[in-house]
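A.B. asks:
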Amino acid sequence: MKIAVYSCRPDEEAFFRQYEKKYGAELLISPLPPTPETALLARGCQAVNTITTPIGRELIDIWHQCGVRTISTRTVGYEHIDWKYAKELGISVSNVSYTPHTVAEYTVMTMLMAIRKMKTILTRYMGQDYSLTGIRGRELCHMTVGVIGTGKIGETVIRLLSSFGCRILAYSRTEKDSVKAYARYCGLETLYRESDLITLHAPATPDTFHMINRDSLASMKDGVVLINMARGSLIDTSSLIEALESGKVGAAALDVVENETGIYYQDFKCRPVGHHEMAVLQAMPNVLMTPHTAFFSDEAVDDMVRYSIENCIAAVSH
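Going by my numbering, the residue at position 205 of the sequence shown is 205; the numbering climbs one at a time, nothing skipped.
(1) Which residues bound the beta strand (DSSP E) around V147?
(2) Below 7 Å between beta carbons: does that hold for M284 and L226?
(3) Pull up the CB-CB distance for I55 and I29, whole angstroms please, since I reckon it's below 8 Å.
(4) With a threshold of 8 Å, are at least 3 pairs of Cβ atoms found where one atom belongs to the region 307-315 and the other to the region 40-49?
(5) Here's a check: name, in chain order, each residue in its chain whose Cβ is nearer than 7 Å to the Cβ of V179, leaving out the five neighbours to either side.
(6) By Cβ distance, which residues of its chain are closer than 7 Å to Y78, with the 5 residues on each side in sequence left out?
(7) Runs of 3 residues minimum, wholly inside the region 3-79: which ones carry the beta strand (DSSP E) assignment?
(8) Work out the CA separation of S97 and T293 for me, nearest whole Å.
(9) Is there at least one Cβ from chain C nearer than 7 Å to E37's Cβ?
(10) Just the Cα atoms here: how many angstroms apart are E194 and T75?
(11) For R167, which residues of its own chain have a beta-carbon under 6 Å away from its beta-carbon, when the five flanking residues on both sides are left out?
(12) Tell me I235's beta-bridge partners as DSSP assigns them.
(13) At which residues does the beta strand (DSSP E) containing T199 begin and terminate?
(14) Taking the beta strand (DSSP E) that N228 falls in, what are its first and last residues?
(15) Does DSSP classify V280 as helix, strand or coil?
(16) Please say whether G146 and L191 have beta carbons closer to each other than 7 Å?
(17) Considering Cα atoms alone, identify which of S216, G250, G247, T261 is closest to R231.
(18) When you compare only the Cα positions, how much space is there between A204 and A14?
(19) Short check: CB of N286 to CB of L254, under 7 Å?
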């Protein structure tokens, strides 16, 4: 079978070639994202393999005319694809999973960096300021950590946190016995009220949109630390900025932010980014921001490429 691969990064190509040979597929690989101009790369292909570029009706129509039967995104989230319209045309849409350890370990790393004020320490060090003023941190073992979402990543975060000796609260629509060995499930209101640090591991859905907002922030402890390694839409960014400026939120670590599409994974050294809220957050000494890289490990990239090709083959063979 033939698969059109879009937005292939240099670090991914070796994995694609490895699995092309293993599964006997023919891959048409392009570094370009899917657009109306590049969509015809998929002519004669049964499958399209893509990443985070928004996929709307125009692209889906072109691919349908090209004979594409399935679209696989090598990401966990698939909200960037109009999958309902694709389904109407008989085109299946699939996403992938990858090792939960990559995001979970990154999450714990950013938790520690946030509570130990590592951004300020490193910034000062580069300027040869070795003073101790304002950089005294906190110990995780004495904190209550609230984990929102106990899927594979959230559960792995909880398992890692259990080694630190902190009290762990958890919230999820579905409770798991394996999590109960390490954390206590509770309602969101209790989690907000009692947590010193809150980490988000929920998907982007209408129900989770802006779940962290002015009202929920007001119900949290003064100086609460917020960690978001999930999706930018979970947090109302303007409300977060207000809470950081007032001191209601003591620190934040954000691997994702609202309206990051078209910015993250690009080089803006010599031009304005055009995202005012991101610039405000990035300027704050108590906000650690990374460009949606929590997933980025050798193991995770291997998983994403392999599973996406397997999804394409399974969908066409069905």
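We put the CB at the ideal spot given by N, CA and C, even for glycine.
C.D. replies: A quick look at the data gives this:
(1) For the purposes of this step, residue 147 is taken as the residue at position 147 of the sequence shown. Run containing V147: 144-148, per the beta strand (DSSP E) assignment.
(2) On the sequence shown, position 284 is the one that residue 284 refers to. On the sequence shown, position 226 is the one that residue 226 refers to. It is not a contact, given that the beta carbons lie outside the stated cut-off.
(3) Position 55 of the sequence shown, counted from the start, is the residue given in the question as residue 55. Position 29 of the sequence shown, counted from the start, is the residue given in the question as residue 29. Rounded, the Cβ-Cβ distance is 18 Å, inconsistent with contact.
(4) yes
(5) Here residue 179 refers to the residue found at position 179 of the sequence shown. Excluding sequence neighbours, V179 sits near T150, E155, I158, A170.
(6) The residue given as residue 78 occupies position 78 in the sequence shown. V93, N95, listed in sequence order.
(7) Whole beta strand (DSSP E) segments, 3+ residues: 26-29, 47-50, 70-73.
(8) As a working mapping, residue 293 is identified with position 293 in the sequence shown. As a working mapping, residue 97 is identified with position 97 in the sequence shown. Computed Cα separation, rounded: 15 Å.
(9) This model lacks chain C altogether, as it is built from one protein chain only.
(10) As a first step, residue 194 is located in the sequence shown; it is residue number 194 there, counting from the start. As a first step, residue 75 is located in the sequence shown; it is residue number 75 there, counting from the start. One C-alpha to the other measures close to 33 Å.
(11) Counting from one through the sequence shown, the residue named residue 167 turns up at place 167. Cβ neighbours of R167 beyond the five flanking positions: T144.
(12) Reading the sequence shown from its first residue, position 235 is the one you call residue 235. DSSP, once it has assigned bridges, lists I212 as partnering I235.
(13) Reading the sequence shown from its first residue, position 199 is the one you call residue 199. Note, T199: beta strand (DSSP E), 197-200.
(14) Residue numbering aside, residue 228 sits at position 228 when the sequence shown is read from its first letter. 224-228 is the span of the beta strand (DSSP E), which, as asked, contains N228.
(15) Position 280 of the sequence shown holds residue 280. In the structure shown, V280 sits in a helix (DSSP, three-state: H, G or I).
(16) In the sequence shown, counting from the first residue as 1, residue 191 sits at position 191. In the sequence shown, counting from the first residue as 1, residue 146 sits at position 146. Yes, these two residues count as a Cβ contact at 7 Å.
(17) Here residue 231 is taken as the residue at index 231 of the sequence shown, counted from 1. For R231, the nearest C-alpha among the options comes from T261.
(18) As a working note, residue 204 is residue 204 in the sequence shown. As a working note, residue 14 is residue 14 in the sequence shown. Going by the C-alpha atoms only, they are around 31 Å apart.
(19) For the purposes of this step, residue 286 is identified with residue 286 of the sequence shown, where counting begins at 1. For the purposes of this step, residue 254 is identified with residue 254 of the sequence shown, where counting begins at 1. No, the Cβ-Cβ distance between N286 and L254 is not below 7 Å.
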